[in-house]
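Presented below is the structure to which this report refers.
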Amino acid sequence: MAHTNRSVLVVGLGRFGSSIATTLDEQGQDVLAVDISGEMVNRWSPYFPTAQADMTDVIALEQLGVSDFGTAVVAIGDSIEASVITAGNLLDAGINDLWAKSVSKEHARILQRIGVRHIINAEMDAGKRVGHLVSGNYLDYIELEGVHSVVKIHTPAHVAGYSIGDVKVLDRYGVTVVGLKAPGRDFEYGSKDLVMHRNDELVIMGTQDQIDRFIRG
1 MAHTNRSVLV VGLGRFGSSI ATTLDEQGQD VLAVDISGEM VNRWSPYFPT AQADMTDVIA
61 LEQLGVSDFG TAVVAIGDSI EASVITAGNL LDAGINDLWA KSVSKEHARI LQRIGVRHII
121 NAEMDAGKRV GHLVSGNYLD YIELEGVHSV VKIHTPAHVA GYSIGDVKVL DRYGVTVVGL
181 KAPGRDFEYG SKDLVMHRND ELVIMGTQDQ IDRFIRG
């Protein structure tokens, strides 16, 4: 099977890895999912390309031709040792766009030290997102790398009926209004003349403090 630099290798077919592989396949991506368990490989082989292999073994990597992949995801969650060794092997094989699931801060620290560019703590990230949604302030929440977040909120009462330019949202609060979705209308990008109404859903970006200050008014 010939792979391009847009091909994605997913290692580990638990709930996390199988979900990633399914999503990539549905998007038309060239994906190969690998697991050490023959049972897991057989379960998912009807849905997307799979292979059984121990990715801690460099010979197995060579046989799969992993150096041809542009991106890899290490979705191993049941063994920190296997996760770290696999990640190291993939980096040695020349895959720089590497994503890896971590199960603890210590695990994440080791992955970071060996050069993994993207570290995902699925449970922590999901818990933080749900916590923000349960608080009732946000309709949706995405934490970006660094200190910024993107959130979806209803227009705060103190800016309802005013345009983004009138309120000077960026200058006054440090928040960028990416756009808004009014009931029954298409999404509109955040120009200065765009008027924010109470039932509109705003998509805004900023630090946590900036966003909270904008919501409070």
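Using full-length UniProt numbering, read the sequence shown as starting at 1 and increasing by one per residue. Beta carbons are placed, not taken as given, at the ideal position from N, Cα and C, and that holds for glycine.
By the neighbour-count definition (other C-beta atoms within 10 Å, threshold 16), V147 is an exposed residue. Around the C-beta of Q208, fewer than 16 other C-beta atoms lie within 10 Å, and the residue is accordingly described as exposed. For the pair V10 and V41, the Cα-to-Cα distance works out to about 12 Å. Assigned with DSSP and collapsed to three states, S149 falls in strand. Taken in chain order, the complete alpha helix (DSSP H) segments of 4 residues or longer contained in the UniProt domain "RCK C-terminal" (136-217) are 164-167, 169-173, 208-216. By the beta-carbon neighbour count (other beta carbons within 10 angstroms, threshold 16), L90 is buried. DSSP places I120 in the uninterrupted beta strand (DSSP E) bounded by 118-120. Annotated three-state conformation of Q63 is helix, per DSSP. Per DSSP, T22 lies in no beta strand (DSSP E); the unbroken alpha helix (DSSP H) holding it starts and ends at 15-26. Between the alpha carbons of A93 and A53 lies a distance of about 16 Å. Taking the C-beta atoms as reference points, V84 is found no nearer than 8 Å to L98.
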